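Undergrad:
Numbering (my numbering), first residue to last: 1442 to 1584.
#1: Looking at the strands, I want to know which residues DSSP matches up with residue 1514.
#2: Give a yes or no on whether the C-beta atoms belonging to residue 1517 and residue 1491 are separated by under 9 Å.
#3: Tell me, to the nearest whole angstrom, how far the beta carbon of residue 1455 is from that of residue 1569; I am working on the premise that it is less than 8 Å.
#4: So, helix, strand or coil for residue 1472, using DSSP?
#5: Opposite residue 1542 in the DSSP bridges: which residues?
#6: May I ask you to report which of helix, strand or coil DSSP gives residue 1532?
#7: Does the distance from the C-beta atom of residue 1558 to that of residue 1566 stay below 9 Å?
#8: Report all residues from its chain with a CB closer than 8 Å to the CB of residue 1447; omit the five preceding and five following residues, and keep chain order.
#9: Taking the alpha-carbon of residue 1612 as reference, which of 1544, 1543, 1467, 1513 has the nearest alpha-carbon?
#10: Please go through the same chain and pick out, in chain order, the residues whose beta-carbon is closer than 7 Å to the beta-carbon of residue 1553, but skip the five residues on each side of it.
#11: Whole-angstrom Cβ separation of residue 1478 and residue 1488, contact assumed at under 8 Å?
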């Protein structure tokens, strides 16, 4: 099992970032490979993704915890992915977003193709970093 932890500081209040993370239909704007997303009944989301040319639907369970500062998520079915998104205020106008994730690189390769082993780990790390950068640009964009 591989573990990933990345973070970024965003020039926006934590509440604004938190609200953006709850706009499931906006996930394609900052998540690489997500073509379409929508909330499901209850606590979850459906994502239509294309990765390395493989298209598939993925259902995820999402649950808020820690008084509006963390979202736990887990895929339902393969590949087995889970993690936590945390939003913490730095000050009134800035926040920090942290992603913690656990995954099996071989399961990702089996489901979506692409590189194997450490090359897959590096690809996932780079994708998460880029996605955080796109989230930052989206939230900090024209207001």
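Glycine included, each C-beta is placed from N, C-alpha and C at the ideal position.
Note that the coordinates shown come from a computational prediction; the quantities given were computed from them, not determined experimentally.
TA: In short:
#1: Residue 1514 is bridged to 1503, 1524.
#2: Not a contact, by the Cβ cut-off of 9 Å.
#3: The distance from the Cβ of residue 1455 to that of residue 1569 is about 20 Å, inconsistent with a contact at the 8 Å cut-off.
#4: Here residue 1472 sits in coil by DSSP.
#5: The partner list for residue 1542 (beta bridge, DSSP) reads 1445, 1524.
#6: When DSSP states are grouped into helix, strand and coil, residue 1532 belongs to the strand group.
#7: Annotated as distal: residue 1558 and residue 1566, with beta-carbon spacing of 9 Å or more.
#8: For residue 1447, the CB contacts under 8 Å within the same chain, skipping 5 residues up- and downstream, are 1539, 1540, 1566, 1569, 1570, 1573 in chain order.
#9: Residue coverage of the chain in this structure runs from 1442 to 1584, which leaves residue 1612 outside it and unanswerable.
#10: Answer for residue 1553: 1492, 1493, 1495, listed in chain order.
#11: With a Cβ gap of about 5 Å, residue 1478 and residue 1488 count as contacting.
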